[in-house]
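Colleague:
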Amino acid sequence: MAGGKETPRQRMIGMMYLVLTALLALQVSNQILQKFVLINDGLERTAKNYVQKNLFSVNIISTTVEQQGNNIVDIPKVEAAKEIRKKSTELVSYLEEAKTRLIEESNAIDEQGNFRTSALKNVDIPGNIFNNNRLGYEMQEKLNSFPAEIEQILSELKINKSFEKIAKDASEIDLFKNDVDVNFKDYVNLNYVKSPIGAVLAIISQHQNEVLNIESEALTEITNSLGSFIFEADKLKARIAANSNVVAAGTTFEAEMFLASSSSSTDLKMTADGRSVPVEDGFGQIKFPVAPASNYDDRGLAARSLKGEITVPIGGQDSVFTIDYDYFVAQPVIKVSSEVVNQLYAECANDLVIEVPALGNSYAPSFDVAGGQAIKGSKPSEVTVIPVASGKVNITVSSGGNKIGTVGYDIKPVPAPTIRPFNGDTQIDLQNPIPANGLTNLQIRAIPEPTFGRTMSRDANFEVTAGEVRLVRNDVPRESVAISGKNVAVRNLLAQAQSGDKLVVIVREVTRTNFKGNKIKSSVTEVYPISIK
């Protein structure tokens, strides 16, 4: 800002422009190009906030002049504010058309609405559009005429305010004016020639912000020049209005910090979408449940708009101030975490973590299970689901009494264990004979299927509980002992055994102990011959 001390906002905008132009001198990577896209998104959100703020400022100027009796000195200021708003809108739209042309000619956005990395790298199309076709020089003229036009409008109101040019040559920028490798470049060659599309988009968005900032400052000057406003504010609150209260790591947090004021001596009435809003110390307290949307976009968001009205008694008459606030309703996607999430095992304790990330700290879940039962976990999002023997289980998720949605899973039967004979802790090789005196501790083990055993350890306790072991010589059974558990006493059989005999293990029943300690028996028929030498 020429002729005065720069505000923090002005210094921020200037620094952002310098960073953008300086980065153009580097060979940018894909990651840097993607950062340009993030910066561009942030600048576009800031521009939308600027527009809302400036619209509100024009409305304030008009309403104030009217409520103060249409003072002859202040009446022209209403039209001046509208003219400034009009010029700003036209220039911002012109810049938006330039971005659209750049995107369309480079085919920068795919069918899903995402930027193509290959297109963002393109450095030839910007040069062709802005240099060869002279659009950049036309843009420079419009951008630099705008501050002068605003200064002229203010001067006619007896307001002395000056603004710097927006589109500068390298020699006019402190960072570059002493750099012999750059300072000879004009505005177009500095910003658009050999510059990747991703960076050019961010630069044009930055120019939109600069235009809107000049408009904002001009409207502030007009507002400050109006006659005294009889609304006496004696209640002050510090506020921060962020573009989003959810910020991804690596992106920029953007917000406005301001001082909100109200009057304790004035009876304010407020509504939001036609509903009365309670007012405390002059500040409205908006709170309402958000109903699910009928449709969401591919990001899982549905656009909504909140219309607010504040009625203020001024000069014996009610003045109504309106504000439109745009926000998004996020689709509450249910996220289930479990190693067995695709299918749930029948009559087993399936431990699940069911979350709805979009609800954040307001998530207060309850679960209703059809086709089974649910047991609450130690944390709100944890639940153990025990499905019935077969079919399908549906889990309905609610939060604070409001239904969120239902997730369904097929019920998977418990996989049968594998039966294997062991000599102590060593599995017996059925292909090779074993010495009679070497079989010291025969065990018949029921080994759970690996995935089931790992994920459902509380339900994967199997034991062989019925069968027999026979001593067979020349295919004729001689003696046998019963199997009633893992360990089998075969000492008497081995005492009678001769080389060439076989111990034939016959398993007829396996028992599984579930997470409740209940015994579940299953009939099987498994035969394992062990050769004796």
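Using numbering that gives the first Met the number 0, the first residue of the sequence shown is number 0, and each one after it goes up by one. Just so you know, even glycine gets a beta-carbon here, dropped at the ideal spot from N, CA and C. Predicted, not measured: the structure shown is a model, and the values here were computed from it.
1) Can you tell me whether Ala-97 is helix, strand or coil according to DSSP?
2) State the start and end residues of the unbroken alpha helix (DSSP H) segment that holds Ser-380.
3) Output yes or no for whether 8 angstroms exceeds the beta carbon distance between Ile-221 and Lys-76.
4) Which first and last residues belong to the alpha helix (DSSP H) in which Ile-519 is found?
5) Where does Gln-497 sit, in a helix, a strand or coil, going by DSSP?
6) Is the beta carbon of Ser-293 less than 8 angstroms from the beta carbon of Asp-325?
7) Give me the Cα-Cα distance between Asp-280 and Asn-143, rounded to the nearest whole angstrom.
8) Would you kindly report the start and end of the unbroken alpha helix (DSSP H) that includes Leu-200?
9) Ser-394 and Val-368 look like a contact to me (Cβ under 8 angstroms); what is the Cβ gap, rounded to whole Å?
10) Check whether the Cβ of Arg-419 sits closer than 7 angstroms to any heavy atom of the ligand PLP, and report yes or no.
11) Can you tell me where the alpha helix (DSSP H) holding Leu-153 begins and where it ends?
12) In the DSSP assignment, find the beta strand (DSSP E) that holds Arg-444 and state where it starts and stops.
13) Nearest to Asp-458 by alpha carbon, out of Gln-426, Val-506, Lys-515?
14) Pull up the DSSP beta-bridge partners for Pro-420, would you.
15) Check whether the Cβ atoms of Ser-483 and Thr-464 lie closer than 8 angstroms to each other.
16) Looking at Val-335: is its Cβ nearer than 8 angstroms to the Cβ of Val-406?
17) Run the CB neighbour count on Ser-498, radius 10 Å, all protein chains shown included, and call it buried at 16 or more, exposed below.
18) Taking all protein chains shown into account, do 16 or more other C-beta atoms lie within 10 angstroms of the C-beta of Ala-302, making it buried, or fewer, making it exposed?
19) Just to confirm my understanding: we take Lys-411, look at its own chain, exclude 5 residues before and 5 after, and list those with CB closer than 6 angstroms. What are they?
20) Might you give, ordered along the chain, the residues of its own chain that have their beta carbon closer than 6 angstroms to the beta carbon of Leu-25, omitting 5 neighbours on each side?
21) Please determine if the segment 157-172 and the segment 83-101 are in contact, where contact requires at least 3 C-beta pairs separated by less than 8 angstroms.
22) Compute the Euclidean distance between the alpha carbons of Ala-388 and Glu-346, then round it to the nearest angstrom.
23) So Ile-74 and Ser-105 are in contact, right, with Cβ under 8 angstroms, and what is the actual spacing, rounded?
Modeller: Reading from the atomic positions:
1) Numbered from 1 along the sequence shown, position 98 holds the residue referred to as residue 97. Here Ala-97 sits in helix by DSSP.
2) Your numbering for residue 380 matches position 381 in the sequence shown. Note, Ser-380: premise wrong, no alpha helix (DSSP H); not H, not E.
3) Within the sequence shown, the letter at position 222 stands for residue 221. Within the sequence shown, the letter at position 77 stands for residue 76. A contact, by the Cβ cut-off of 8 angstroms.
4) Working through the sequence shown from its first residue, we reach residue 519 at position 520. Careful: Ile-519 lies outside any alpha helix (DSSP H), inside the beta strand (DSSP E) at 518-530.
5) In the sequence shown, counting from the first residue as 1, residue 497 sits at position 498. The answer is coil: DSSP assigns Gln-497 none of H, G, I, E or B.
6) Along the sequence shown, one-based indexing puts residue 293 at 294. Along the sequence shown, one-based indexing puts residue 325 at 326. Going by C-beta atoms, Ser-293 is not nearer than 8 angstroms to Asp-325.
7) Looking up residue 280 in the sequence shown gives position 281. Looking up residue 143 in the sequence shown gives position 144. Rounded to the nearest angstrom, the two C-alpha atoms are 45 angstroms apart.
8) On the sequence shown, residue 200 is found 201 positions in, with the first residue counted as 1. Its alpha helix (DSSP H) spans residues 196-224.
9) What you label residue 394 is simply residue 395 of the sequence shown in a count that begins at 1. What you label residue 368 is simply residue 369 of the sequence shown in a count that begins at 1. A quick correction: the sequence has Ile, not Ser, at residue 394. That belief holds up - the Cβ atoms of Ile-394 and Val-368 are roughly 5 angstroms apart, short of 8 angstroms.
10) Looking at this structure, you won't find the ligand PLP or any other ligand, since it has none at all.
11) Position 154 of the sequence shown, counted from the first residue, corresponds to residue 153. Looking at the DSSP string, the run of the alpha helix (DSSP H) that includes Leu-153 is 134-155.
12) The residue labelled residue 444 in the question sits at position 445 within the sequence shown. Unbroken beta strand (DSSP E) run through Arg-444: 441-446.
13) Reading the sequence shown from its first residue, position 459 is the one you call residue 458. Comparing alpha-carbon positions, the option among Gln-426, Val-506, Lys-515 lying closest to Asp-458 turns out to be Lys-515.
14) Within the sequence shown, the letter at position 421 stands for residue 420. Bridge partners of Pro-420: Ile-443.
15) As a position in the sequence shown, residue 483 is number 484, starting the count at 1. As a position in the sequence shown, residue 464 is number 465, starting the count at 1. Yes; because the gap between Cβ atoms is below 8 angstroms, this pair is in contact.
16) Within the sequence shown, numbered from 1, the residue matching residue 335 stands at position 336. Within the sequence shown, numbered from 1, the residue matching residue 406 stands at position 407. Yes; because the gap between Cβ atoms is below 8 angstroms, this pair is in contact.
17) For this step, residue 498 is matched to residue 499 along the sequence shown. It is exposed - the Cβ of Ser-498 has fewer than 16 other Cβ atoms within 10 Å.
18) Your numbering for residue 302 matches position 303 in the sequence shown. The residue in question, Ala-302, is exposed, as its Cβ has fewer than 16 Cβ neighbours within 10 Å.
19) One-based indexing of the sequence shown puts residue 411 at position 412. Correct list, in chain order: Gln-342, Tyr-344.
20) In the sequence shown, residue 25 corresponds to position 26, counting from 1. Any reading at Leu-25 must be qualified, since the residue scores a pLDDT of 45, below 50, and its modelled position is unreliable; no value is offered.
21) no
22) Position 389 of the sequence shown, counted from the start, is the residue given in the question as residue 388. Position 347 of the sequence shown, counted from the start, is the residue given in the question as residue 346. So the alpha carbons of these two residues sit roughly 6 angstroms apart.
23) The residue labelled residue 74 in the question sits at position 75 within the sequence shown. The residue labelled residue 105 in the question sits at position 106 within the sequence shown. Not confirmed; about 48 angstroms, so no contact.
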